[in-house]
Amino acid sequence: MGKKTLVVLLIGLVVGAVCAFSVAQALAKKGAHGRATMIVLARHVDHLRALQDDAACTGGKAWSRLQQIHFAAREIDFAFATPEGPDPGFARRSQEFQSATVLPEKLSGCADLDSWLGEVRKGCQACHRDYR
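All letters in the sequence shown, in the order written, are residues -20 to -1, 1 to 112 by mature numbering (1 follows the signal peptide of the UniProt record, and there is no 0).
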């Protein structure tokens, strides 16, 4: 092989590697908002599950987490939006999940919180079963 051929081959390999890296980065970023939304939801739910006494389950920090979960649930449609528009099945699951995260009027203790979290968990599982 001549030097020119070797140089052209080397340049082609470098350009190909750079292009492949760029495509890989773009694909990795696709869906990042959706993954981040799921991570935030999971962290809030895990924190609420860890509460042990009724005072903590009905306190201000618990209510703040409940509000954050409800807010994140309302963001799911935006986080997973596609240029083609919403999938009807996904939109239905998303609406069901948003309904499950509506804040209760009051929590009398950890049993009420566990019941609310159970409904949230069912909503998560139903959607993940269909769309994960």
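Don't be surprised by glycine CBs; every beta carbon is placed ideally from N, CA and C.
Practice task
Identify, in the order they occur along the chain, each residue of the same chain with its Cβ nearer than 7 Å to the Cβ of aspartate 110, setting aside the five sequence neighbours on each side.
Solution key: Excluding sequence positions up to five before and after aspartate 110, its CB lies within less than 7 Å of the CB of Gly69 and Arg73, all in the same chain and listed in chain order.
Handout entry: As assigned by DSSP and simplified to three states, the class of alanine 30
Key = Coil.
Exercise for the section: Evaluate the contact criterion for the region 34 to 54 versus the region 78 to 95: three or more CB pairs, one atom per stretch, below 8 Å. Expected result: Touching, yes, given that three or more Cβ pairs across the two stretches are closer than 8 Å.
Exercise for the section: Can you give me the start and stop residues for the alpha helix (DSSP H) that arginine 54 sits inside? Expected result: First-last of the alpha helix (DSSP H) with arginine 54: 40 to 59.
Handout entry: C-beta contact flag for cysteine 90 and aspartate 26 at 8 Å
Key = Contact: no.
Handout entry: the region -19 to -6 contacting the region 9 to 19, beta-carbon criterion three pairs below 8 Å
Key = Cβ pair count under 8 Å is below three, so no.
Practice task
Whole angstroms is fine: what's the gap from leucine 31's alpha carbon to arginine 45's?
Solution key: Straight-line measurement puts the Cα of arginine 45 at about 12 Å from the Cα of leucine 31.
Problem - Same chain only: Cβ atoms within 7 Å of residue 146, ignoring 5 sequence neighbours per side - result: Nothing about residue 146 can be reported from this structure: the residues present for the chain run from -20 to 112 only.
Exercise for the section: Identify, in the order they occur along the chain, each residue of the same chain with its Cβ nearer than 6 Å to the Cβ of threonine 38, setting aside the five sequence neighbours on each side. Expected result: The beta carbon of threonine 38 sits closer than 6 Å to those of Leu87, all from its chain and outside the five residues before and after it, given in chain order.
Problem - Cβ pair leucine 93, isoleucine 49 closer than 8 Å - result: No, the Cβ-Cβ distance between leucine 93 and isoleucine 49 is not below 8 Å.
Handout entry: Reduced DSSP secondary structure (H/G/I, E/B, other) of leucine 83
Key = Annotated three-state conformation of leucine 83 is coil, per DSSP.
Handout entry: Alpha-carbon spacing of alanine 71 relative to glycine 65, whole angstroms
Key = Computed Cα separation, rounded: 10 Å.
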